[in-house]
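Visitor:
2 protein chains.
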Amino acid sequence: MILTVTLNTALDITYRVRALRPHASHQVTEVSERPGGKGLNVARVLAALGHEVTVTGFAGGATGRSLRARLAGTPGVLDALLPVAGTTRRTIAVVDTATGDTTQLNEPGPAVTPAEWSAFLDAYTRLLRSASAVALCGSLPPGVPVGAYAGLVRAARASAVPVLLDTSGEPLRRGVAARPDIVKPNAGELAELTGSHEPLRATRDARRRGAHAVVASLGADGLLALTAEGRWRAAPPRRVAGNPTGAGDSAVAGLLSGTVENLPWPDRLTRAVALSAATVLSPVAGEFDRPAYEELLDRVTVTEDTPAA
Amino acid sequence: MILTVTLNTALDITYRVRALRPHASHQVTEVSERPGGKGLNVARVLAALGHEVTVTGFAGGATGRSLRARLAGTPGVLDALLPVAGTTRRTIAVVDTATGDTTQLNEPGPAVTPAEWSAFLDAYTRLLRSASAVALCGSLPPGVPVGAYAGLVRAARASAVPVLLDTSGEPLRRGVAARPDIVKPNAGELAELTGSHEPLRATRDARRRGAHAVVASLGADGLLALTAEGRWRAAPPRRVAGNPTGAGDSAVAGLLSGTVENLPWPDRLTRAVALSAATVLSPVAGEFDRPAYEELLDRVTVTEDTPAA
C-alpha cells in the first residue's frame, strides 16, 4: 500500500453565499464537508487511480470524529489516524456564488502532546514496513517538532521506502536536508526555501540542499523536474480555467503512483500534469474530472531540458 | 420549571481574525463554541438568575452532539431536546480583532420530517404540565409548518401556562393571532409585522393583532411595553457601548423570570433592561456582566406613559 501522512488533518467545509460583505450577516445557501488536509486529498486521488492507500496522522474531538466517519465512506482508503486529545481543525471556504471567488478561514490545529507524538512515531515505523511509498504532506500542528519531517524522511529512507515531501517553510527546509526522494514545492514555497524567484535556479538550489529529485509545480506552466536521470518540463496542452484547490495534491498523487509503478520520469510527470489540470477542471473542488484526465494524458507535452554546459 | 423552545438550535462558533478581507486566506487566531439559538440563550440567563430551566426543540448530527455535550456542562439547564435525522446548523461569527466588527455566516437549519414534528408536539404537551412559563424563540427550520408557533401558543394557553413569543416574519404574524401573553419584537420585527416604523403606533397595532402584552425592544432606547395594566417606557441610565449579541434574549429572560415571580410590570421591565444592558457590557458575546446588572437594577428608569385621550 501507499502511505500518506497528514499531521494536521482538517474537516474542510465549503459554504456558498450570494456575496460576502465584511460586517454583514449572510445566509449560507449550501454547506458541504469533506475530510481534508493535503495527505487525505492525495490519498483520495490515489484510491481513485486504483491504489491501496493508508492514511495516518492525527484526528481528535468532534471534528475528528466527523472526519473519520466521512473517511470510512471513501472506498480504497484505510484509516490509520491516531487519536489526539485536542480537536481537529476546520477550514471554511466561503464561495461567492456571484463571482466564484473564495474566502478562506483556517482554524489552528490541535496541540499535540509529546506522548501523542511518540505514539505516532511508533505507528509510522510499523506502517512503513508494508508501504511501497510514503507522502509527507502539509503543515505541522502545534506541539509537533519543527524537524518532524526530517525524522520521518530518515525513517522512510532507512526502511528503503521512497518518500515524497510536500510542505513549506522551516519544516520543508529541515526535511529537504534529510534527503527525501522527491520534494514538490510550488513556486512560492521554492522561493521561500531558496531565496530565488527564478524557477530553474531555485529548483537546482533545492536539489543541492539534499532532495534526490525536485518537482516544482508552476501553476498553469505545469511542472519543472530536476532528477538524477534528467531535467524535464511538463505542461498541459492549454491553459485550464477553474478552481485550483487540490491541484498540487493531485500532482503529488500522480508522482507517487508513477513511482510505485516504476514509470520513467516523463510518464510520471505526464500523469501528474494531467491529474492536476483535470482537478482544476472539476466542478467539485479537490476532485478530478476523469474524462478530462484520460484525454489530457495523451496531450501533455514533456520536453527534456538540456542542462547548460 | 421554565420551559424554553428552540426549534432551530445552533452551534454558535466565534472566530477571531486580524482583518477579514473577501477572497483572501485567513488564519483564525481563536475559536470558541457554545450552544446557540435564542431559546438556549434565554435558558442560560434564566439559570444564572437561579431558575430551573428545561430546553426543548431539535438537535441532530455531529453539531447537535457537540451542542448537547456543551449544554450538559451548563448548570441549571435541563436538556429535553428531541433528535432529528438532519444536522443542527452552525453559525459563524467572524470577529475582526482590529475593529471589533462581526461578519456573520448562518447555515440553513436541518429539514424536520412530519414524524419528528409530531414527536416534538407530544413532548411539548408533556413538558407544559410542569412548566410555570414558556418562551417560544427564534426561527423555524425547514419542514416545520409556518403556523407552528400559533399552535404552540394555543397549547400553552389551554394549559394555563404563560407564553412569551419571540420570533419574526410570518411565524410571528401567525403566532400573535393565537393570543400569546407576551410578544417581544425588536424595532425591525415590529415594523415588518405592522408596516409602521413609529414604535408606539406599531406596538398598539401588534397588541390589537392578539398579543395580551407587547414589549418592544428599541435598542439603546430600552423597552416600550403595552399591557392590560398600563403602558411603560423603561430605559438604561446611559447609552451602553459593547456587543449587542444576545441583548434581546437577556430581555426575554428578564420578562419571563419577572412573570413567574409575579413581579409588577415596572419591575419586570427594570430587570429586562438591566439584563439587556449588562449583556451589551459583557466582554463575552451573549453573557451578562453580573456586577453591572446588579448596579443597573437601581438605575433603570421606568416611566408610565399616559395614553392619549
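Line order of the protein sequences matches chains A and B.
Take the first sequence: its position 139, counting from 1, is numbered 140 in my numbering, and each next residue is one higher.
Take the second sequence: its position 106, counting from 1, is numbered 107 in my numbering, and each next residue is one higher.
Every residue gets a Cβ at the ideal spot worked out from N, C-alpha and C, and that includes glycine.
Computed from a predicted model, the values in this text were never measured in an experiment.
(1) Can you tell me which of the three DSSP states Asp290/A falls into?
(2) According to DSSP, Ala94/A sits in a beta bridge with which residue or residues?
(3) On a CA-only basis, which of Ala94/B, Val113/B, Pro76/B and Gly287/B is nearest Thr88/B? Give me that one, please.
(4) Please look up how many angstroms separate the CB atoms of Val107/B and His27/A, rounded, as I've assumed it's under 8 Å.
(5) In chain B, which residues lie with their C-beta within 9 Å of the C-beta of Asp102/A?
(6) Just to make sure I have the definition right: I need the residues of chain B whose C-beta is within less than 9 Å of the C-beta of His27/A. Which are they?
(7) So, are the CB atoms of Leu129/B and Val162/B less than 7 Å apart?
(8) Thinking just about the alpha-carbon of each residue, which of Asn244/A, Leu166/A, Val241/A and Gly220/A is nearest to the one in Ala207/A?
(9) Quick check on Gly58/B: does DSSP put it in helix, strand or coil?
(10) For chain A, check one thing: does any of its Cβ atoms lie closer than 7 Å to the Cβ of Val281/B?
(11) Would you call the CB atoms of Glu34/B and Arg17/B closer than 7 Å?
(12) Distance, Cα to Cα, Arg90/B vs Ala11/B?
(13) From which residue to which residue does the beta strand (DSSP E) around Glu31/A run?
(14) By the three-class DSSP mapping on this structure, what secondary structure does Leu153/A have?
(15) Would Leu122/A be called buried (16 or more neighbouring beta carbons within 10 Å of its own) or exposed?
(16) Is the CB-CB distance between Pro237/B and Val274/B below 7 Å?
(17) Between Asp97/B and Leu173/B, is the Cβ-Cβ spacing less than 7 Å?
(18) Rounded to whole angstroms, what's the CA-CA distance from Ala221/B to Val281/A? Just pull it up for me.
(19) Just to confirm, are Ala217/B and Leu191/B a CB contact at a threshold of 7 Å?
(20) Going along the chain, which residues of the stretch 55-80 of chain A sit with their C-beta nearer than 7 Å to a C-beta in chain B?
(21) Are Trp118/A and Val145/A touching if we call contact CB-CB under 7 Å?
(22) Mark Asp306/B as exposed unless 16 or more other C-beta atoms lie within 10 angstroms of its C-beta, in which case mark it buried.
(23) Applying the criterion that 16 or more other CB atoms from any shown protein chain within 10 Å of the CB defines a buried residue, is Ala151/A buried or exposed?
(24) Does chain B have any CB closer than 7 Å to the CB of Val32/A?
(25) Relative to the C-alpha of Glu199/A, which residue among Ile183/A, Lys185/A, Arg209/A and Leu219/A is closest?
(26) Quick check on this structure: which residue in Ala214/B, Val135/B and Val301/B has the alpha carbon closest to the alpha carbon of Thr5/B?
(27) With a 10 Å radius around its C-beta and 16 neighbouring C-beta atoms as the bar for buried, classify Thr104/A as buried or exposed.
(28) What is the DSSP secondary structure of Pro237/B, reduced to helix, strand or coil?
(29) Between Ser160/B and Glu193/B, which are expected to be in contact by the criterion C-beta below 8 Å, what is the C-beta distance as a whole number of angstroms?
(30) If contacts are defined as beta-carbon pairs under 8 Å, then Ile3/A and Val261/A qualify, I think. What distance do you get, rounded to the angstrom?
(31) Just how far apart, CA to CA, sit Pro142/B and Gly62/A?
(32) Note the first and the last residue of the continuous beta strand (DSSP E) segment covering Ala254/A.
(33) Within the 7 Å Cβ cut-off, does Thr10/B reach chain A?
(34) Looking only at DSSP bridge pairs, what is Glu296/B linked to?
(35) Got a sec? Which residues, its chain only, sit under 7 Å from Leu270/B by beta carbon, not counting five neighbours each side?
Guide: Taking the coordinates as given:
(1) By 1-based counting over the first sequence, the position of residue 290/A is 289. Residue state, collapsed to three classes: coil.
(2) As a working mapping, residue 94/A is identified with position 93 in the first sequence. Thr15/A and Gln105/A.
(3) For the purposes of this step, residue 88/B is taken as residue 87 along the second sequence, with counting starting at 1. Residue Val113/B is the option with its Cα nearest to Thr88/B.
(4) Counting from 1 along the second sequence, the entry for residue 107/B is found at position 106. Counting from 1 along the first sequence, the entry for residue 27/A is found at position 26. It should be pointed out that residue 107/B corresponds to Asn in this sequence rather than to Val. The Cβ separation is near 7 Å, so the contact holds.
(5) One-based indexing of the first sequence puts residue 102/A at position 101. Pro23 and His24, listed in chain order.
(6) Taking the first sequence and counting its residues from 1, one reaches residue 27/A at position 26. Per Cβ cutoff of 9 Å: Thr104, Gln105, Leu106 and Asn107.
(7) Working through the second sequence from its first residue, we reach residue 129/B at position 128. Working through the second sequence from its first residue, we reach residue 162/B at position 161. Result yes, Cβ atoms of Leu129/B and Val162/B sit closer than 7 Å.
(8) For the purposes of this step, residue 207/A is taken as residue 206 along the first sequence, with counting starting at 1. Answer by Cα proximity: Leu166/A.
(9) As a position in the second sequence, residue 58/B is number 57, starting the count at 1. Of the three classes helix, strand and coil, the one that applies to Gly58/B here is strand, per DSSP.
(10) The sequence position of residue 281/B within the second sequence is 280, counting from 1. It does not: the Cβ of Val281/B has no partner Cβ on chain A nearer than 7 Å.
(11) Translated into positions along the second sequence, residue 34/B becomes position 33. Translated into positions along the second sequence, residue 17/B becomes position 16. For Glu34/B and Arg17/B, no; Cβs fall outside 7 Å.
(12) The count along the second sequence starts at 1 and reaches residue 90/B at position 89. The count along the second sequence starts at 1 and reaches residue 11/B at position 10. Approximately 5 Å between the Cα atoms of the pair.
(13) In the first sequence, counting from the first residue as 1, residue 31/A sits at position 30. Unbroken beta strand (DSSP E) run through Glu31/A: Glu31 to Gly37.
(14) Here residue 153/A corresponds to residue number 152 of the first sequence, with the count starting at 1. It is helical.
(15) Along the first sequence, one-based indexing puts residue 122/A at 121. Leu122/A comes out exposed.
(16) The residue given as residue 237/B occupies position 236 in the second sequence. The residue given as residue 274/B occupies position 273 in the second sequence. Cβ atoms of Pro237/B and Val274/B: closer than 7 Å.
(17) The count along the second sequence starts at 1 and reaches residue 97/B at position 96. The count along the second sequence starts at 1 and reaches residue 173/B at position 172. No; because the gap between Cβ atoms is not below 7 Å, this pair is not in contact.
(18) Here residue 221/B refers to the residue found at position 220 of the second sequence. Here residue 281/A refers to the residue found at position 280 of the first sequence. Cα-Cα distance, rounded: 51 Å.
(19) For the purposes of this step, residue 217/B is identified with residue 216 of the second sequence, where counting begins at 1. For the purposes of this step, residue 191/B is identified with residue 190 of the second sequence, where counting begins at 1. Closer than 7 Å, so yes.
(20) Ala63, Arg66 and Ser67
(21) Taking the first residue of the first sequence as 1, we reach residue 118/A at position 117. Taking the first residue of the first sequence as 1, we reach residue 145/A at position 144. Going by C-beta atoms, Trp118/A is nearer than 7 Å to Val145/A.
(22) Residue numbering aside, residue 306/B sits at position 305 when the second sequence is read from its first letter. When all chains shown are included, Asp306/B counts as exposed.
(23) Position 150 of the first sequence holds residue 151/A. Under this definition Ala151/A is a buried residue.
(24) Position 31 of the first sequence holds residue 32/A. Yes, Val32/A lies at the interface with chain B (some Cβ there is under 7 Å from its Cβ).
(25) Position 198 of the first sequence, counted from the first residue, corresponds to residue 199/A. Considering only alpha carbons, the answer is Leu219/A.
(26) Start at 1 with the first residue of the second sequence, and residue 5/B comes out as number 4. Out of Ala214/B, Val135/B and Val301/B, Val135/B has the C-alpha closest to the C-alpha of Thr5/B.
(27) Position 103 of the first sequence, counted from the start, is the residue given in the question as residue 104/A. Buried, since its Cβ has 16 or more Cβ neighbours within 10 Å.
(28) On the second sequence, residue 237/B is found 236 positions in, with the first residue counted as 1. Coil.
(29) Along the second sequence, read from residue 1 onward, the residue named residue 160/B stands at position 159. Along the second sequence, read from residue 1 onward, the residue named residue 193/B stands at position 192. With a Cβ gap of about 30 Å, Ser160/B and Glu193/B do not count as contacting.
(30) The residue you call residue 3/A lines up with position 2 of the first sequence. The residue you call residue 261/A lines up with position 260 of the first sequence. With 8 Å as the limit, Ile3/A and Val261/A qualify as a contact, their Cβ atoms being about 6 Å apart.
(31) Here residue 142/B is taken as the residue at index 141 of the second sequence, counted from 1. Here residue 62/A is taken as the residue at index 61 of the first sequence, counted from 1. Whole-angstrom Cα-Cα distance: 27 Å.
(32) Here residue 254/A refers to the residue found at position 253 when the first sequence is read from its first residue. Segment Ala248 to Val261 is the alpha helix (DSSP H) holding Ala254/A; no beta strand (DSSP E) there.
(33) One-based indexing of the second sequence puts residue 10/B at position 9. Thr10/B does not count as touching chain A.
(34) Here residue 296/B is taken as the residue at index 295 of the second sequence, counted from 1. Paired residues: none, contrary to the question.
(35) Residue mapping note: residue 270/B aligns to position 269 of the second sequence, counting from 1. Closer than 7 Å at the Cβ level, and outside the excluded window around Leu270/B, lie Leu224, Ala226, Trp233, Ala235 and Val303.
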